[in-house]
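Residue numbers (our numbering): 16 to 280.
Written as structure tokens, this is what we have:
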């Protein structure tokens with residue numbers, strides 16, 4: 016054995032830790048940020064779940080459990096009945112005025128305006144005479160035996176080719192005839208009144224001829240630009256026959272006038 020060595024204090028040489036390489040620093044920072052974010056998100060989920068709210072609801076869009084949005088109720092009492100409906104706006108145009116019938120341009124045959132059967136019944140064994148031109152047609156039926164009976168038919172045309180206003184001219188002639196009937200000095204007018212249902216306008220007249228002992232029932236009617244006159248005559252009524260004779264003469268003249276107007280439909 017040799018001599019013991021004297022004890023000496025142990026001294027370790029300190030060496031500082033090597034710093035991490037530059038390539039590893041960004042990875043460590045990213046890992047640290049991810050861990051912190053995960054912890055914060057978990058805490059938020061737990062906190063929201065404890066309050067009963069859904070964390071997945073997108074902003075601006077209601078969640079499945081959220082009640083639907085409703086319009087605020089109007090202030091004041093609610094109406095008791097159904098809401099009044101507003102009428103839809105209409106675009107209909109006002110009705111067009113009725114179109115006027117075309118003016119008449121020609122007259123029928125003078126003695127063809129009354130049916131033969133009507134002539135035989137009103138004027139038996141009649142002798143007839145006629146006169147015609149483009150604007151005036153007349154036919155006269157006179158009995159040849161027994162009691163006197165006489166029928167006269169006239170149609171006057173105001174032609175569009177000869178008149179600038181044929182309708183107005185026909186109206187003026189009709190009014191002039193009506194005025195003349197009121198002031199007839201050759202007959203005693205007992206009835207002069209409007210007649211409905213014949214043409215555009217009509218009147219009827221019952222008169223007694225002062226020069227001859229005859230009673231006349233006469234009807235004048237206008238249809239557009241034509242004026243028709245029908246006269247039916249019999250012997251003057253005797254005592255107690257005036258009213259009956261008047262009714263009979265006016266009824267026969269009205270029947271013939273209706274037939275004549277039928278030719279201008």
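Even for Gly, the Cβ is constructed at its ideal location relative to N, Cα and C.
Under the rule that 16 or more other beta-carbon atoms within 10 Å means buried, what is residue i, buried or exposed?
i, result
"residue 220", "buried"
"residue 161", "exposed"
"residue 176", "exposed"
"residue 169", "buried"
"residue 233", "buried"
"residue 194", "exposed"
"residue 230", "buried"
"residue 272", "buried"
"residue 164", "buried"
"residue 72", "Since pLDDT at residue 72 reaches only 40, below the 50 mark, its modelled position is unreliable, and the value read off the structure follows with that caveat. Label assigned to residue 72: exposed."
"residue 149", "exposed"
Name the two residues that bound the continuous alpha helix (DSSP H) containing residue i.
i, result
"residue 199", "Where residue 199 is concerned, there is no enclosing alpha helix (DSSP H), given that its DSSP letter is neither H nor E."
"residue 269", "257-276"
"residue 132", "131-137"
By Cβ distance below 6 Å, which residues in the same chain neighbour residue i in space, the five residues on each side in sequence not counted?
i, result
"residue 167", "155 and 246"
"residue 206", "221"
"residue 189", "237 and 242"
"residue 184", "173 and 178"
"residue 265", "219, 221 and 232"
"residue 192", "235"
Using a Cβ-Cβ cutoff of less than 7 Å, which residues in the same chain neighbour residue i once the five nearest sequence positions on both sides are dropped?
i, result
"residue 238", "214, 215, 276 and 279"
"residue 199", "222"
"residue 251", "223, 228, 229 and 230"
"residue 125", "145, 146, 147, 152, 153 and 154"
"residue 142", "157 and 159"
"residue 130", "274"
"residue 208", "218 and 219"
Thinking C-alpha only, which one of the options is nearest residue i?
i, options, result
"residue 147", "123, 274 and 141", "123"
"residue 152", "201, 241 and 266", "241"
"residue 261", "192, 244 and 224", "224"
"residue 196", "235, 135, 127 and 126", "235"
"residue 228", "257, 182 and 186", "257"
"residue 309", "158, 134, 198 and 191", "With the chain represented from 16 up to 280, any question about residue 309 goes unanswered, as that position is not in the structure."
"residue 182", "252, 269 and 117", "117"
"residue 269", "121, 132, 259 and 244", "244"
When the cut-off is 8 Å and only beta carbons count, does residue i lie next to chain D?
i, result
"residue 258", "The displayed structure is made up of one protein chain only, and chain D is not part of it."
Quick one: what's got a C-beta closer than 8 Å to residue i's C-beta in the same chain, skipping five residues either side?
i, result
"residue 119", "172, 238, 239, 240, 241 and 279"
"residue 128", "152, 154, 168, 170, 274, 275 and 278"
"residue 204", "196, 197, 220, 221 and 222"
"residue 263", "232 and 249"
Where does the unbroken beta strand (DSSP E) through residue i begin, and where does it stop?
i, result
"residue 154", "151-158"
"residue 232", "229-238"
"residue 220", "216-224"
"residue 250", "241-250"
"residue 172", "164-172"
"residue 121", "That residue, residue 121, is in no beta strand (DSSP E); it is neither H nor E in DSSP."
"residue 142", "141-148"
Can you round the beta-carbon distance between residue i and residue j to whole angstroms, since I take them to be within the 8 Å contact cut?
i, j, result
"residue 137", "residue 267", "6 Å"
"residue 210", "residue 217", "4 Å"
Measuring from the CB of residue i, is there a heavy atom of the ligand ATP at a distance below 7 Å?
i, result
"residue 120", "The ligand ATP is not among the ligands present in this structure, which contains no ligands whatsoever."
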